[in-house]
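Numbering (our numbering), first residue to last: 4 to 865.
What follows is a set of notes on a single structure, which appears directly below.
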């Protein structure tokens with residue numbers, strides 16, 4: 004409390020003996036006093052002229068005290084703000100903290116280091132931005148230039164799990180994933196963290212040794228770059244330093260000293276190199292150094308010694324793969340804070356794809372609703388390649404989006420290129436050089452898929468092998484001197500793709516696989532077939548001909564798809580010869596359409612359609628947008644003969660409807676081939692979706708496919724009803740209008756207006772009831788009467804005058820009588836007349852019984 008009664012001058016005077024000889028970094032104190040105009044240039048020169056540090060301190064204290072209370076307060080504030088560098092003593096730091104400052108001294112902008120040190124910090128921040136921007140540009144260099152210009156550097160959160168011990172048990176049960184149902188198996192790849200952290204928290208944490216480990220392409224470097232970016236962008240009130248080393252760049256030569264490592268191999272200060280180096284050594288707690296991509300510690304042995312001996316308090320961040328982490332921890336024993344980088348979470352996948360594919364909503368929806376692609380995108384490198392393939396410009400003639408097999412083929416090539424460090428143009432040569440190794444991995448993948456296994460137990464894990472461009476590996480100590488290495492693909496569908504690659508190289512095995520996948524025991528290998536179809540696609544031959552000769556691929560393609568159709572779509576003769584007790588053969592048309600889409604062959608599509616008599620029965624199916632795209636593609640290939648589509652009871656999104664009917668000109672009819680009526684609810688969804696779309700549609704053809712019926716909900720968007728009005732007015736024939744109840748049977752004002760304005764274009768009006776109304780004709784008739792009366796007095800008409808309402812009723816009846824067909828008009832009028840008998844005007848409009856009876860007779864007579 005005594006300090007609270009002391010002025011700044013008294014506090015300096017009483018603490019003089021404490022400060023003389025114990026104040027550190029005097030040039031920093033003098034520079035701040037000069038910046039705050041407490042000392043002028045001549046005084047600074049005289050202080051600097053003193054050789055002895057004690058004399059320099061006395062001069063500072065004498066001149067500041069002579070300048071009075073304000074100058075002394077300024078000095079105390081400077082000492083508090085720079086205490087880490089100027090008061091290198093716990094007693095002095097306690098002393099300065101006891102002074103009662105009037106305001107928070109942290110809020111004042113003081114130099115906390117010398118000008119050369121601050122200059123070097125600015126230099127390092129520029130270097131950090133250059134590294135992160137260069138990495139971002141390199142990552143997105145495969146994208147079309149128009150796309151690159153639209154995006155800026157951003158970070159999508161990755162799962163950083165500090166609960167690393169549970170990862171070991173996950174590896175041991177990995178083979179059990181194959182026993183799960185496919186949707187659950189695919190979902191299990193998307194990570195969830197039990198104890199999560201973030202790049203910002205890793206910078207703030209007091210942990211001094213941080214080990215980031217994870218599979219290839221999972222985002223380790225991205226996390227390191229984000230830490231670098233956060234440091235470069237923050238408002239630095241404190242003087243600190245951050246260095247980033249790509250281990251591949253420094254492994255070719257060993258640094259001879261700390262100065263050699265930081266200045267020669269990273270960034271050299273422009274001024275006062277010795278002063279900056281001394282500040283780094285004396286304040287190593289303010290230093291962060293990242294070593295990204297450690298493969299073995301032998302190349303960093305000198306670095307390790309430098310860190311431990313010269314920068315003992317620096318924060319060291321290293322990244323490596325799981326299989327290398329055990330060796331690293333053994334060679335550099337320390338209390339490492341281990342963080343596993345697991346890739347994108349479900350929310351991050353959605354956020355990343357939504358940002359990247361915002362310009363292509365159809366492709367965005369297709370990926371978000373495709374289980375295989377969505378879960379594949381938990382690996383950031385794979386997600387980037389999916390986006391790149393979607394945006395890559397194809398020929399205008401084909402107008403086809405990238406197939407899934409094409410995406411996987413490009414992922415293979417990109418992984419190879421990243422692993423080799425070669426230039427893009429050298430990828431083909433590297434593929435040829437490593438052909439045997441890649442095909443041996445493909446064979447192991449095929450065998451593991453057959454066995455429903457994800458652990459590639461037969462793989463010989465060489466640390467430098469090309470295999471590890473695609474695999475994650477973890478070394479588990481099973482005995483004091485024994486390590487087991489577990490290897491697996493980063494995603495199960497990558498294993499299936501490699502299995503299909505082996506079949507491409509061994510076409511004599513294909514027929515046997517086709518036969519086997521028809522059985523319950525081997526049905527899981529069926530998922531290799533779409534990949535094989537895609538690898539036989541002429542457009543994809545160029546991507547893999549470094550592994551399999553293109554002539555061999557073309558030769559296989561000549562007979563392959565006929566074999567697929569005969570296997571999955573047996574002839575009627577073969578079915579008739581089946582045993583009487585045998586279960587009925589189920590045709591998976593969606594699977595075949597997916598295969599055809601991957602294969603991209605008109606001839607193959609016509610082969611299938613001919614077998615099906617040009618009718619695709621998809622009734623009762625759930626169709627995701629990608630399956631809808633496949634169906635649309637198959638339909639579009641039939642130019643000379645139109646195709647029938649049965650979509651009854653289908654579950655399909657609005658986007659899926661648009662995709663399916665993108666080839667409307669090739670569709671013969673919608674509904675069963677037997678001539679049964681189409682599912683009304685499906686037709687209502689179809690019309691509502693297409694009317695609400697901004698895309699141009701051939702509604703005249705659609706009316707023809709729907710038997711000249713237009714289906715509308717009683718409640719909906721105004722745009723839907725306005726476009727429906729345009730369709731009816733443009734139709735050459737009068738339209739059958741079918742209204743579908745929702746939860747409410749009240750007609751919307753927009754629909755009422757559309758019907759009134761289009762009476763001359765409506766041939767018939769009917770209603771489709773809800774489920775609970777279908778068994779009750781009386782209730783349905785009551786609802787229909789209520790709806791028809793809405794034309795006379797909708798709720799908003801209650802605000803109109805009696806004259807306005809009467810005029811509206813007369814116009815409606817005259818239009819109905821003038822334009823309607825006799826049969827339908829009298830049917831409607833009969834219902835209206837019955838309903839009108841129950842009509843009661845509002846209380847203030849009541850007439851005498853005689854007048855009301857007279858009005859009703861005139862109405863019925865008319």
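Cβ coordinates follow ideal geometry from the N, Cα and C atoms, glycine included.
Within the continuous beta strand (DSSP E) that includes residue i, where are the two ends?
i: residue 318; result: 318 to 323
i: residue 491; result: 485 to 492
i: residue 739; result: 738 to 743
i: residue 341; result: 340 to 346
i: residue 293; result: 290 to 295
i: residue 716; result: 712 to 716
i: residue 766; result: 765 to 771
Our contact map puts residue i next to residue j with C-beta atoms below 8 Å; I'd like the distance itself, whole angstroms only.
i: residue 85; j: residue 115; result: 5 Å
i: residue 322; j: residue 224; result: 7 Å
i: residue 532; j: residue 519; result: Rounded, the Cβ-Cβ distance is 11 Å, inconsistent with contact.
i: residue 212; j: residue 339; result: 5 Å
i: residue 368; j: residue 628; result: 5 Å
i: residue 413; j: residue 388; result: 6 Å
i: residue 744; j: residue 714; result: That pair is no contact at about 12 Å.
i: residue 83; j: residue 108; result: 5 Å
i: residue 290; j: residue 314; result: 6 Å
i: residue 249; j: residue 296; result: 6 Å
i: residue 163; j: residue 201; result: 6 Å
What's the call for residue i, buried or exposed, on a 16-neighbour Cβ count within 10 Å?
i: residue 62; result: buried
i: residue 364; result: exposed
i: residue 327; result: buried
i: residue 8; result: exposed
i: residue 69; result: exposed
i: residue 135; result: buried
i: residue 129; result: exposed
i: residue 285; result: exposed
i: residue 172; result: With a pLDDT of 47 at residue 172, under the threshold of 50, the modelled position of that residue is not reliable, and the figure given next carries that caveat. Classification of residue 172: exposed, given that the 10 Å Cβ count is below 16.
i: residue 735; result: exposed
i: residue 633; result: buried
i: residue 674; result: buried
i: residue 51; result: exposed
i: residue 562; result: exposed
i: residue 20; result: exposed
i: residue 362; result: exposed
Taking C-beta to C-beta, are residue i and residue j nearer than 7 Å?
i: residue 626; j: residue 655; result: yes
i: residue 218; j: residue 537; result: no
i: residue 470; j: residue 444; result: yes
i: residue 666; j: residue 639; result: yes
i: residue 167; j: residue 344; result: no
i: residue 231; j: residue 342; result: no
i: residue 623; j: residue 649; result: no
i: residue 409; j: residue 452; result: no
i: residue 769; j: residue 741; result: yes
i: residue 637; j: residue 596; result: yes
i: residue 1; j: residue 31; result: Nothing about residue 1 can be read from this structure; the chain reaches only from 4 to 865.
i: residue 22; j: residue 59; result: no
i: residue 25; j: residue 92; result: yes
i: residue 386; j: residue 380; result: yes
i: residue 635; j: residue 599; result: no
When every heavy atom of the ligand HEM is checked, does at least one fall within less than 6 Å of the C-beta of residue i?
i: residue 758; result: Because no ligand of any kind appears in the structure shown, any question about the ligand HEM cannot be addressed here.
Got a sec, what are the start and stop residues for the alpha helix (DSSP H) residue i sits in?
i: residue 683; result: 683 to 695
i: residue 553; result: 553 to 571
i: residue 532; result: 531 to 538
i: residue 247; result: Run containing residue 247: none in the alpha helix (DSSP H); it sits in the beta strand (DSSP E), 244 to 249.
i: residue 449; result: 438 to 453
i: residue 8; result: Neither: residue 8 is in no alpha helix (DSSP H) and is coded neither H nor E.
i: residue 602; result: 592 to 602
i: residue 661; result: 657 to 663
i: residue 671; result: No alpha helix (DSSP H) contains residue 671, which is instead part of the beta strand (DSSP E) from 670 to 673.
i: residue 422; result: 407 to 423
(request) Taking only runs that begin and end inside the segment 180 to 229, name each unbroken alpha helix (DSSP H) of 4 or more residues, in chain order. (result) 185 to 190, 202 to 207
(request) Counting only runs of 3+ residues fully inside the segment 142 to 171, write out the beta strand (DSSP E) ranges in chain order. (result) 162 to 164
(message) Which complete alpha helix (DSSP H) runs does the segment 47 to 101 hold, if anything under 4 residues is left out?
(response) 56 to 69, 72 to 84, 86 to 89, 93 to 100
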